[in-house]
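Trainee: Dropping the structure in here first, questions after.
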Amino acid sequence: MANNNKLIRPALLLVVLAAISTGEAYAINLGLSTEVGTTGAGIHVSVPITPTLNARVGANYFNYSFYSRIYRIGCEASAKLRTFDALMDWFPFENGFRLTAGAIYNRNTVDIEGKPDENNNYQLNGTDYSANLVGKIHGNVAFKKYAPYLGLGYGNATAPDKGWGFTADAGVMFQGRASTSIDSTNCTLGSAGCAQLTSDIATENIKLNDKLRGYRMYPVLRVGMRYTF
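Position 1 of the sequence shown, counting from 1, maps to 31 under the numbering used here, and the rest follow consecutively.
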């Protein structure tokens with residue numbers, strides 16, 4: 031992960047510097063786009079580097095809640111989508127079709143709060159615990175902070191024809207393996223009981239981590255409108 035960061039952080043810097051400095055090298059049409067999709071609601075600014083290459087930077091944001099089950103544990107989950115993009119768009123056919131590569135600063139997280147069953151119990155690693163004695167069970171899921179991105183799309187926000195147009199992205203963010211944590215607060219089972227609870231929660235956390243093993247790649251699908259100034 032450290033080696034990836036050493037490669038991705040300079041890439042982020044190069045994209046931003048290219049976008050800033052290109053105003054002296056190329057007569058620009060500044061482009062602004064807004065999108066919605068699997069990364070939430072986003073806004074991006076595009077600046078041309080050459081007639082067929084744009085630098086694009088932006089941010090995406092969204093919150094949503096849902097109910098899920100982690101094995102036998104019911105959970106209220108709260109997803110927080112927070113990503114910041116530094117991308118290069120290449121237009122190989124000098125039209126709206128583009129190929130995109132870059133890096134994403136990934137602050138997507140999911141906060142989890144356990145919900146007891148109809149008997150007011152939690153079942154942890156095969157053992158039933160009274161919610162009155164366990165207290166609250168909560169957890170978190172996060173991913174690698176810097177993630178490479180590859181994709182394709184349509185729409186050139188710096189096209190010669192000024193005004194409104196359509197934009198779309200389809201790609202993959204390589205977010206790596208999830209980092210998970212599950213914990214409890216206000217345990218009143220006594221020292222031995224709380225120690226056993228801690229051990230069972232640690233086992234459940236391992237199960238959760240294994241369950242999320244296949245989510246190393248996050249699909250990016252979004253559509254929106256762009257405006258060329």
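We put the beta carbon where it would ideally sit given N, CA and C, even for glycine.
1. What residue does the beta strand (DSSP E) around L227 start on, and which one ends it?
2. Alpha carbon to alpha carbon, how far is P78 from M255? Give it in angstroms, no decimals.
3. If you run the structure through DSSP and keep just helix, strand and coil, what is L163?
4. Just to confirm the assignment, what range does the beta strand (DSSP E) spanning Q205 have?
5. Can you find the residues in the same chain that come closer than 8 Å, C-beta to C-beta, to L219, ignoring five residues on each side of it along the sequence?
6. Along the beta strand (DSSP E) that carries P78, what are the first and last residues, could you check?
7. Express the C-alpha separation of A161 and A222 in angstroms, rounding to a whole number.
8. Could you tell me how far apart the beta carbons of T210 and L238 are, in whole angstroms, since I believe they sit closer than 8 Å?
9. Relative to the C-alpha of A198, which candidate in R207, L182, K192 and A189 has its C-alpha closest?
10. Measuring CB atoms only, is the region 121-129 touching the region 137-153, in the sense that at least three cross pairs come out at less than 8 Å?
11. If you run the structure through DSSP and keep just helix, strand and coil, what is G85?
12. If you check the beta carbons only, do V8 and G88 fall under 9 Å apart?
13. What is the C-beta distance between L117 and R86, in whole angstroms, given that I count them as a contact (C-beta under 8 Å)?
14. Run the proximity test for D141: is its beta-carbon closer than 8 Å to any non-hydrogen atom belonging to the ligand SAH?
15. Could you check what DSSP says for P122 in three-state terms: helix, strand or coil?
16. For L60, which residues of its own chain have a beta-carbon under 6 Å away from its beta-carbon, when the five flanking residues on both sides are left out?
17. Considering only residues of the same chain and omitting the five flanking positions on each side of D230, which have a CB-CB separation below 7 Å?
Mentor: In short:
1. According to the DSSP assignment, L227 belongs to no beta strand (DSSP E) but to the alpha helix (DSSP H) extending over G220 to K241.
2. 18 Å
3. Collapsing the DSSP output to three states places L163 in a helix.
4. Element bounds for Q205: n/a, residue is neither H nor E.
5. Y159, L163, V164, Q226 and L227
6. G70 to T80
7. 17 Å
8. 5 Å
9. Measuring from the Cα of A198, the nearest candidate turns out to be L182.
10. At 8 Å Cβ cutoff, the stretches do not touch.
11. Sequence check: residue 85 is Ala here, not Gly. Here A85 sits in strand by DSSP.
12. Nothing can be reported for residue 8: it is not among the residues displayed for the chain, which extend from 31 to 259.
13. 4 Å
14. In the structure shown, the ligand SAH is absent, as is every other ligand, since no ligand is present at all.
15. Coil.
16. Spatial neighbours of L60 in its own chain (CB-CB distance under 6 Å, excluding positions within 5 residues in sequence) are listed in chain order as F259.
17. L154, N155 and T157
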